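Number of protein chains: 2
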Amino acid sequence: MIKQVLISIVFGAAVLTVGILIGHFGITKSGSSSPSWVKDVAKDVDEDFVEKFMSTVDNIQIQENLRELTKVPHMATTAGDEETVNLMLKRWQDPSTGLDQAWREEYLVHLSFPDPKNPNKVTVVSPSDTVLHTAREKEKSYTPDQDDPEVVQPYAAYSPPGHPQGKLVYANQGKPGDYQKLNETVDLRGTIAITRYGGAGRAAKAINAAPYGVIGVLVYTDPLDINDGLMSDVNETYPHSWYMPPSGVERGSFNTHYGDMRTPYLAAKDETYRIPVEDITGIPPIPIQPIGFEDAYILICALGGEAAPSVWQGAFNCTYNFGGPGFTNTSAFNNSDVRLDIFNNNVLKNSSNVMGIIRGSVEPDRYVIYGNHRDSWVHGAIDPSSGTSVMLEITRVLGQMVKQGLWRPRRSIIFGSWGAEEFGLIGSAEYTEQYFAKLSERTIAYINVDIAVFANASLRASGMPSVQNVLFKAAKQVKAAGLDTSVYDNWIQYFNRTSPAHGIIPRVGYLTGAGSDYAAFVHYLGITSMDISYIYDRSKTKARIYPAYHTAYDTFDYASKYIDPGFVSHQAVARTAGNVLIRLADSLVLPLNCSDYAESLEDYLKTAVRLYEDKLQAKGISMEPLKRAVANFRSAATHLDQVILTSDLVNETPMTIRRINDQLMLLDRAFLDPLAFPDKYAYRHVIWASSSAGKQTFPGLADAYANAELTGQPRDWDKVHYHLSVLSQAIEGAANTLVDVI
Amino acid sequence: MIKQVLISIVFGAAVLTVGILIGHFGITKSGSSSPSWVKDVAKDVDEDFVEKFMSTVDNIQIQENLRELTKVPHMATTAGDEETVNLMLKRWQDPSTGLDQAWREEYLVHLSFPDPKNPNKVTVVSPSDTVLHTAREKEKSYTPDQDDPEVVQPYAAYSPPGHPQGKLVYANQGKPGDYQKLNETVDLRGTIAITRYGGAGRAAKAINAAPYGVIGVLVYTDPLDINDGLMSDVNETYPHSWYMPPSGVERGSFNTHYGDMRTPYLAAKDETYRIPVEDITGIPPIPIQPIGFEDAYILICALGGEAAPSVWQGAFNCTYNFGGPGFTNTSAFNNSDVRLDIFNNNVLKNSSNVMGIIRGSVEPDRYVIYGNHRDSWVHGAIDPSSGTSVMLEITRVLGQMVKQGLWRPRRSIIFGSWGAEEFGLIGSAEYTEQYFAKLSERTIAYINVDIAVFANASLRASGMPSVQNVLFKAAKQVKAAGLDTSVYDNWIQYFNRTSPAHGIIPRVGYLTGAGSDYAAFVHYLGITSMDISYIYDRSKTKARIYPAYHTAYDTFDYASKYIDPGFVSHQAVARTAGNVLIRLADSLVLPLNCSDYAESLEDYLKTAVRLYEDKLQAKGISMEPLKRAVANFRSAATHLDQVILTSDLVNETPMTIRRINDQLMLLDRAFLDPLAFPDKYAYRHVIWASSSAGKQTFPGLADAYANAELTGQPRDWDKVHYHLSVLSQAIEGAANTLVDVI
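In structure tokens, the structure reads:
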């Protein structure tokens, strides 16, 4: 009996134990078990998904995208532009490969076009009013693309109309110093100046000229600057190579500021207040017109006067003279004038952005924005449609995954196909003005891929220093086009630097100007941004940019033959940019590194101290606050890095993750000061603003210092001190956002 | 055997079941059970804790705080100020009732003081240079407080030094229209103008005078404006009542902008760039000095010339004449001048803020800021120490709970004891400049309690419309001092309005000016703010403010006898403000209501349409964009309200709560435009900026319209259109932040 009882007890205990174990481990609790979102909020980027994305990105799809995008010229607001709007909408609204939502947004913007009925003319006119020479009005045809009636005549957008006539002079690149130099020898009053592209902004070539009495300006691309000196279309230039044919003309927007000119800081809606056209600043005060080097050759080689300095000489087989002013008396143009007949019109036209979104699952109120402009000057196969064809492939692959329920990003992704970029980054700028508060509060980062492939040698990337690491991570995972190495390993061969923290690494550039649609994001909103492309081997060509840039030769034929046969560099860019995009959207902790930011600030500081400290000390201005600010930034960044490294983030409360991510997301916002650059339109980021001083250091400080040195005025030294305080306070303020939050 | 087997099976099954049940329900799972933070992140405000807080707030503690704070005068940067700094630090660092941390922050700021060795003088001087009358240099003593050697002589801070002498004129309140009117009758060149307080800012009384050639200004408080006409200290004024004695003088800062004047937009650190003193704007260009009505009576009643208009007449038993200029020939002062000898000095001095924090448990990176300035003009029992004694009681009660481990707020609480407010809100402004990015990104709300108790009749509150609801909730839970009713029910008797949404409710004022330390938070940072106090019964007195304001009579004796005997109104303010503070810090969803904001915008719109639409239409300027913006804001607010109401928030992912709270927190930030008011220093909030047009509508629109009507210039009508666009875009932008986040 005792034995039986004992057995029963042991048996019972055993069964009870089994029961307890089953009950505890075998059955999922409903009451106190974790809510379903606990796992979701802790989810990190899925490397398998990243792999899958990259392997799905297809070069042939990109090629076919480009073929479709470049069927016709699609200059902003033209019928061709409207076709691309509809193409974007169709793709992004596709039920099986589209995004969650896509729509268009219109702005009524100030544009400038030539008059198709009265083409602009450049002529050489004899004293008896005989036209001795007429510059070519249209680029020469080599393929049917150039014959498209929608190819716009080469012109300088925003040049005023007018009919100036005068003696020709050669003004090199049209920089302030160029006109100053020229004016020492030649009386410039009443002259027409011919300048070459490069060295100064397009509008600047006319703005710098006017004070000397110059009444009209021509601009051309010297074969030295774009064609490695080659000039003949018999066997040297396109269609025989990627070089610009003699009649090729770079079109462009001749302006200084970005965004719609008539609605500064305001989205250009129908009823928005518009400043009078005559109040617009930063555009040419005198007529200006671009011409091909075929015509420039004829004009320049006939110039009289003294020989220009050697650095002014280009690739033509003649001496570039200043001009007498005018032509040499041994030329057929002796005593003749050059005459410009410019018929450009200003118009208000509706330009569209096309927007598309993928809604985030966990943090829909955090945005990663990916953008590219849609408008071109002519067919724009490279600028911008190489970028658009890449963007369409990224959205196709991601859209498909979303539609199939295989993936949804943690954060929301916004795609922007910007309008009217060529006229001054208008679509992206208006977008940021309209949604200023929302975008400022919620945007993680902006990725810009405008010209995706300049050439097929190497990746090139620019951005805030904090994006360096995620760019590296992505570039290491992508195979370089046609090579047995990664994009990263290839990149580091072409662009590199030695980092105190990381050793030899690829050099990521800075976004200090307004060269593409990142401008408003970087400078006006202070959003962490990057610009990604593939580019050429500088050791093999001195071309300023790919030679068909802004000409009628930037076509599918040109791109597929000379820029990226097989579209494998396009594919590498799509994989790299898409990889970065997914990491920004899906990573639990944002892949932005503030210590890399500190390294750049230290680098800028070192230069500033080296260049300025002695003289500033002599003026009683201390650089200690700036040094302290940078040191505080460094120690705050190190601290935040440590917090991220040492935390068990997957098991942390989601509030901790969000807090860290907010610190990383908002870091660049802390560098904004809307009053820091009173003379620069919409530049608010005190670290990355444009600068004319040409020093690799804090832009406002460099410019203020250069000005004070020039004038020697105590008030200008005060301005240096003032900007030092602005800068130190901004860096201290940014450091304050990185330390423990309370 | 079968039976035994059966019994064993049944027994075994039963034991197994018990085991399963124990295993499932009896033992907490460690693996898949909820992480400990799941409950924390969903916790809402604890009403029992709110009750406990309110019942612990003690009137006698407040009284003793006030007694200690007012032992000596504590004008900014004096030894008395340093004593209060140390008191705050001692209290906030107390191991059993202090905060988590407390520290001081110093700024080197531009202040203005009289010279103790050369007191300012106001005299009547005969043509033979005999001094016929000297205005009292110190206020008369009624208690030992007035004898304290640290009582500063009455003066106008930031008045320039100087010795103007001229004929006296009476200029009413020194408004632009007052001088214009006076100038029609009297040649003002070389005169001294006497003005009364009210109607125009202090500095404006001198700024408005200078263009007419006035060389010096006096200012006094007319008994009509402060004492309900009473004048005698034999039985009418303090120490017999709360009224100002005849020798009482309101001191003050005579400036227009707020913050340290020499470091606009920059925190005034030692090495910060300072503008030259001569570049400071908004301060008196000519000497100005305040005097008591005892002296003003003697001067004004001796004035010659025509009788001033009836609205210019005050309480003196004589006719207020314009002045001949100068005195009537029937007076002893016939032909005499008035002479000012002003010896004020500008100095740079270190002023301290004292800061204290309670770290938040769940969202430490969200701040509720509670502030009050610490500096007074003399003993400052009411201004500001009534507020400081309330703040110290709130921190004592909350600090105790924290130290005992009974409570820790969800969000962080920051307490600020600001320095040098009396000189132009300097401490709070410098703080916001130094920590601009951090505070902009993370601050939920700012609560200002400066003068806690003006008088003991009713609560008075001002703030953004979104705080109305939480103010009501708190006020309903607090018992009105000495009454059998709630603060809310008492409040609604004194201030009320009919709301379309809520019916008759207490009227919450707007923070459109820069009257206290909320200014930088509201206007510069766009942080949702409120200002809370107890105030008098307007039906019982016409006093412009409590009569001892900025005089040597603002003492503990005065406060405890005439303002709040028993300190029960102080207690009611502490309970109300503390209740609001706890709700902002602890509520799961922030108690800020955006639909109430919509109601205010609609109200402003209605007024704007009524006042401006016809004329604007005639000028071709449409108000439709503004109407659309307000309608969009309303519908977005309604939508967000619905989302909050219909969500099961306690069971929602914490990311959803945070998203909604971010929308509510950042709402006011969306109304900022740093370029909206180019002529107003540090005013960026397009809805609440100051306005001189005196209309209950959008300030920039009202001012631009008034100016265009005045000048009739097309360019000024353009400015109206421009501001309409700025305003519409800001409201649209704010609406965009309230709709679904993607």
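Residue numbers (the working numbering), protein chains in the order written: chain P, 3 to 744; chain C, 3 to 744. Ideal Cβ placement from N, Cα and C applies to all residues, glycine included. Treat the numbers as computed from the prediction; the structure is a model and nothing was measured.
Under the Cβ distance rule, Asp-664/P counts among the residues neighbouring chain C, one pair being separated by less than 8 Å. The C-beta separation of Gly-484/P from Asn-61/P comes to about 11 Å, leaving the pair out of contact by the 8 Å criterion. DSSP places Glu-423/P outside any alpha helix (DSSP H), giving it a letter other than H or E.
Excluding its 5 nearest sequence neighbours in each direction, Ala-459/P has C-beta neighbours in its own chain below 6 Å: Tyr-538 and Asp-539, listed in chain order. Under the Cβ criterion of 8 Å, Asp-705/P is not counted among the residues facing chain C. By the Cβ neighbour-count rule, Arg-499/C is exposed, with fewer than 16 other Cβ atoms within 10 Å of its own.
At a C-beta separation below 7 Å, Asn-653/P has these neighbours in chain C: Pro-37. In chain order, Val-455, Asn-458, Ala-483 and Tyr-536 place their CB closer than 7 Å to the CB of Ser-571/P, counting only its own chain and leaving out the 5 sequence neighbours on each side. Taking 8 Å as the upper bound for CB-CB distance, Val-611/P and Ile-534/P are not in contact here, some 33 Å apart. For Leu-668/C, at least one C-beta of chain P is nearer than 8 Å to its own C-beta.
The alpha-carbon separation between Pro-75/P and Glu-139/P amounts to approximately 18 Å.
Linking Thr-487/P to Lys-478/P through their CA atoms gives a straight-line distance of about 9 Å.
Boundaries of the alpha helix (DSSP H) around Asn-492/P: 489-496. Taken in chain order, the complete alpha helix (DSSP H) segments of 4 or more residues contained in the region 585-636 of chain P are 596-620. Cβ proximity to chain C below 9 Å picks out Lys-440, Ser-442, Glu-443 and Arg-444 from the region 440-452 of chain P. Taking 7 Å as the upper bound on Cβ-Cβ separation, chain P lies near residues Asn-653, Thr-655, Pro-656 and Met-657 of the region 632-657 of chain C. At a beta-carbon threshold of 8 Å, the residues of chain C lying near Leu-677/P are Tyr-267 and Pro-676, ordered along the chain. When 7 Å is used as the limit between beta carbons, Thr-397/C is near no residue of chain P, the shortest such separation being about 16 Å. Assigned with DSSP and collapsed to three states, Thr-543/C falls in coil, not helix or strand.
The continuous stretches of alpha helix (DSSP H) do not include Ile-446/P, which lies in the beta strand (DSSP E) extending over residues 445-450. Around the CB of Ala-737/C, 16 or more other CB atoms lie within 10 Å, so the residue is classed as buried.
Of the residues assessed, Asn-346/C falls on the buried side of the cut-off, its CB having 16 or more other CB atoms within 10 angstroms. The C-alpha of Asn-663/P lies about 9 Å from the C-alpha of Ile-446/P. The beta carbon of Thr-640/C is closer than 8 Å to those of Ser-597 and Ala-600 in its chain, skipping five residues each way along the sequence.
Leaving aside the five residues that flank Ala-137/C on each side, the residues in its chain whose CB is nearer than 6 Å to its CB run, in chain order, Val-124, Ile-293 and Asp-297. For Pro-467/P, the closest Cβ of chain C is not nearer than 8 Å. Taking 8 Å as the cut-off, the Cβ atoms of Leu-232/P and Ile-194/P do not count as close.
In summary, Thr-223/P is buried, with 16 or more beta-carbon neighbours lying within 10 Å of its beta-carbon over all protein chains present. With its beta carbon less than 8 Å from one in chain P, Gln-731/C belongs to the interface. Per the Cβ contact rule, the region 672-682 of chain P is not in contact with the region 601-609 of chain P (fewer than 3 Cβ pairs under 8 Å).
In summary, the residues of the region 355-368 of chain P whose CB is separated from some CB of chain C by less than 8 Å are Ile-359, Arg-361, Gly-362, Val-364, Glu-365, Pro-366 and Asp-367, in the order they occur in the chain. Going by beta carbons, Ala-672/C and Ser-388/C fall outside the 8 Å limit.
Counting only Cβ-Cβ distances below 7 Å, Glu-273/C has contacts in chain P at Ser-624, Glu-626 and Pro-627, in chain order.
Segment contact: the region 376-384 of chain P against the region 329-346 of chain P, fewer than three CB-CB distances shorter than 8 Å; contact not assigned. For Val-40/C, the secondary structure class from DSSP, reduced to helix, strand or coil, is helix. Between the C-alpha atoms of Ser-518/P and Ala-159/C there is a straight-line separation of about 52 Å.
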